[in-house]
Amino acid sequence: MDLQLKRQRAIVTAGAAGIGRAIVDAMLDAGMTVATCDIDENALATLPDTVLRKRVDVSDERALTAFTDWAIAELGGLDCLVNNAGIAGPTARIEDIETTDWRKTLDIVLTSQFLTVSRSVAALRESVNPSITNMSSIAGRVGFALRTPYAAAKWGVIGLTKSLAIELGESGIRVNAILPGLVAGDRQRRVLEAKAQQRGQSFAEVEAEAFRYTSIKEYVPSEAIAAQILYLASPLGRFVSGQAISVCGDTRMLA
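Following the numbering used here, the numbering of the sequence shown begins with 30 at its first residue and continues without gaps.
Structure below.
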């Protein structure tokens, strides 16, 4: 299927590894021009030469807004913004979570999305196919014990998304959120390892419990998430807006 994305211009935050890298690769395959940022300079170096890139800590407001302005200028405009940056945050009971860890999680997961959107709206209004996709999580729908900063931020992403869809709809800008479940890769493994350590259980026990509440008992490949994002960015997704779309294998609970 031709998604009609050739020569479309995109910004993807945290696009050098994991889900972000899958998104960037899929966009390149579709003929898009991509700018990305990431905190991992070594991972950035592995991107194809055609990708515009900068090392950015998205919790640094000045650095993130400067990157967004630079990317739009280098791309010559903007058609698609994908807010992918995030961190797992602490795994601990609420009384043991440090305020600094709480704030850092919200800054990276939620505030970074506010910053990139606010700097991108003017350019998106000039596009004939403007879209924003914000990365939330199934934790933003069902909650997540011992991961309250992460879950709270991801719930916030959905509120941001739905509010922006209403606000920006009159400009033809569609805004959606993606809610991944248990995603294949090192990051998910580290999350489960941290929970196993917190609970005094084995990794296998925690993993089995996680899949107990999922209909499709497999890790979600990053490529499946990228494919959903490309559809939303394409003209075929023109009338999809304000949605929180789960790509989670029907996860009903995060244990």
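We put the beta carbon where it would ideally sit given N, CA and C, even for glycine. Fair warning: this is a prediction, and the values are worked out from it, not measured in the lab.
C-beta atoms of residue i and residue j nearer than 8 Å
i             : j             : result
arginine 84   : glycine 60    : no
glycine 185   : leucine 283   : no
arginine 38   : leucine 139   : no
threonine 75  : isoleucine 40 : no
valine 53     : valine 80     : yes
threonine 190 : alanine 273   : yes
glycine 47    : arginine 216  : yes
Sheet register partners of residue i (DSSP bridge)
i              : result
threonine 128  : The partner list for threonine 128 (beta bridge, DSSP) is empty, contrary to what the question assumes.
valine 157     : Paired residue(s): none; valine 157 is not in a bridge.
threonine 97   : According to DSSP, which records beta bridges pairwise, threonine 97 is partnered with nothing at all.
asparagine 205 : Thr162
cysteine 66    : Thr42, Lys83
Inter-residue Cα distance where the pair is residue i and residue j
i             : j                 : result
proline 159   : glutamine 226     : 44 Å
alanine 206   : phenylalanine 143 : 13 Å
proline 250   : threonine 243     : 15 Å
threonine 117 : tyrosine 179      : Correcting the residue type first, residue 117 is alanine in the shown sequence and not threonine. Rounded to whole angstroms, alanine 117 to tyrosine 179 spans 6 Å at the Cα level.
leucine 197   : alanine 239       : 37 Å
threonine 162 : glutamate 127     : 30 Å
alanine 174   : threonine 62      : 39 Å
arginine 176  : threonine 280     : 17 Å
Residue i classed as buried or exposed, judged by whether at least 16 other C-beta atoms fall within 10 angstroms
i              : result
isoleucine 195 : exposed
lysine 246     : exposed
Coarse secondary structure for residue i, derived from DSSP in three states
i           : result
proline 178 : helix
serine 165  : coil
lysine 83   : strand
alanine 152 : helix
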